[in-house]
Every structure is written in structure tokens, then in C-alpha cells.
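Each residue of the sequence shown is one higher than the last, beginning at 19 in this note's numbering.
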Amino acid sequence: MIDLNLDDLDLVGPASSLAMQLVLTIGTGGDIESDWLPLSSKQCLNGWLPAKGAPEVASENRVGCYGEHDVQLMESFLAGKKPQEDEPYPSLAELTRIGGTKCTSVFHSSDVKGEDKEKALRYWVLVPTEEAWWMRVENGHRFSNRVVHCLVGRGDGAKTAEPLMTE
19 MIDLNLDDLD
29 LVGPASSLAM
39 QLVLTIGTGG
49 DIESDWLPLS
59 SKQCLNGWLP
69 AKGAPEVASE
79 NRVGCYGEHD
89 VQLMESFLAG
99 KKPQEDEPYP
109 SLAELTRIGG
119 TKCTSVFHSS
129 DVKGEDKEKA
139 LRYWVLVPTE
149 EAWWMRVENG
159 HRFSNRVVHC
169 LVGRGDGAKT
179 AEPLMTE
């Protein structure tokens, strides 16, 4: 196992909150089988929710945040230190701690809009599976998935037509 230095990820605060949903794994053998979430900063998704068995994010799921949507990307960050090198999988428990801490910090920051966020909103943490973490070569390109994703949506599960994140 690798011991990741939380200082490298600028993590402070609790590893979860009442609004945090169960941590999901992404990648082969995970809760979400997709190897990658094709999302850009603060991207909104409609018709796709982070859930066990969720399909891959399709281009029609990626929408503008001033239109109807289910969730918005809060943050994506690299959990490994060497993305282009072989690096031991830190363990699901360690990734859960790292992802939970970083996502909770962003959720409680001024980057996420709203009052009484714990009741009004919910957020998800997606961490890579061990298989997704490992370096592999495909079509001559080396890659791995060491990215943790944090997404936010309304607490009641309803869609919104306003960004949940500041611009």
C-alpha cells in the first residue's frame, strides 16, 4: 500500500458529512464500470446520476448548468503522485478517506452555493477501482485512472436549472 500525504492534496476538515452519499468506485469491477468520466470543470449532467450500475456518461448527458440537470461536478483531482508511472493502489479505505475529505471540504466551501447545504444538497465521491488505477497501454498510449470525482445535486433528488457551484 502507498501512504499518500494529505498535505500534498491540501486537505483539511472532516472526511464526510450528513449530505455525503456512499462512496462509489469507478472502473472495471466497480460500482460504475466506466473507466473514465468525460467531464470538464463544474460540468453539469442531466439524465445521469452517480449510482451503482450507472451507465457511461454519454455526450447527451453533458449539458449547460442553466438548463435542467441532475448533478454538477464540484471537483476532480489526482489521488496518485505519479500519474504516468506504476504506483501501488493505496486501498479503497485510503481513497475513501482522501476523497471524502477533499469533497467534503469543497462542499462546505463558498464554491458551492446555498444555505443549509447539509439539508438542501447531497454530494457523491467517486474513487477509482484497483484495476482502473494500474498503468496500462492501449493503442500505444500509457494511461491509468487515478482521479477522484466529487459531484453535487439537490438533496431531494429533483432537477435544477441553476448552477450549484459559483462561477
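The C-beta atom is built at its ideal place from N, Cα and C for all residues, glycine as well.
Check your understanding: Buried or exposed: R154, going by 16 or more other Cβ atoms within 10 Å of its Cβ?
Key -> For the purposes of this step, residue 154 is taken as the residue at position 136 of the sequence shown. Exposed, because fewer than 16 other Cβ atoms sit within 10 Å of the Cβ of R154.
Check your understanding: What is the C-beta distance between L57 and L91, in whole angstroms, given that I count them as a contact (C-beta under 8 Å)?
Key -> To locate residue 57, count along the sequence shown from 1; it is residue 39. To locate residue 91, count along the sequence shown from 1; it is residue 73. About 5 Å; that satisfies the 8 Å criterion.
Check your understanding: Considering only C-alpha positions, which residue in the set I44, E180, V166, R172 is nearest to A97?
Key -> As a first step, residue 97 must be located in the sequence shown, where it is residue number 79. Checking every option, the nearest Cα to that of A97 belongs to V166.
**Study point:** Cβ-Cβ distance between S35 and E133 below 9 Å
**Key:** Counted from its first residue, the sequence shown places residue 35 at position 17. Counted from its first residue, the sequence shown places residue 133 at position 115. Cβ atoms of S35 and E133: not closer than 9 Å.
Practice item. Specify whether the stretch 80-87 and the stretch 103-114 touch according to this definition: at least 3 beta carbon pairs, one from each stretch, less than 8 Å apart. Key: no
Point to revise | Test item: CB-CB of G171 and V143 under 9 Å | key: For the purposes of this step, residue 171 is identified with residue 153 of the sequence shown, where counting begins at 1. For the purposes of this step, residue 143 is identified with residue 125 of the sequence shown, where counting begins at 1. Not closer than 9 Å, so no.
**Study point:** Secondary structure of V41, DSSP reduced to three states
**Key:** By 1-based counting over the sequence shown, the position of residue 41 is 23. Note: V41 maps to coil in three-state DSSP.
Check your understanding: What are the start and end residues of the beta strand (DSSP E) that includes L113?
Key -> Looking up residue 113 in the sequence shown gives position 95. Element bounds for L113: not the beta strand (DSSP E) but the alpha helix (DSSP H), 110-126.
Check your understanding: Buried or exposed: where does S162 fall if 16 or more other Cβ atoms within 10 Å of its Cβ makes it buried?
Key -> Along the sequence shown, one-based indexing puts residue 162 at 144. So S162 counts as buried.
Practice item. Would you give the residue range spanned by the beta strand (DSSP E) that W151 belongs to? Key: As a position in the sequence shown, residue 151 is number 133, starting the count at 1. No beta strand (DSSP E) holds W151; the alpha helix (DSSP H) holding it covers 148-151.
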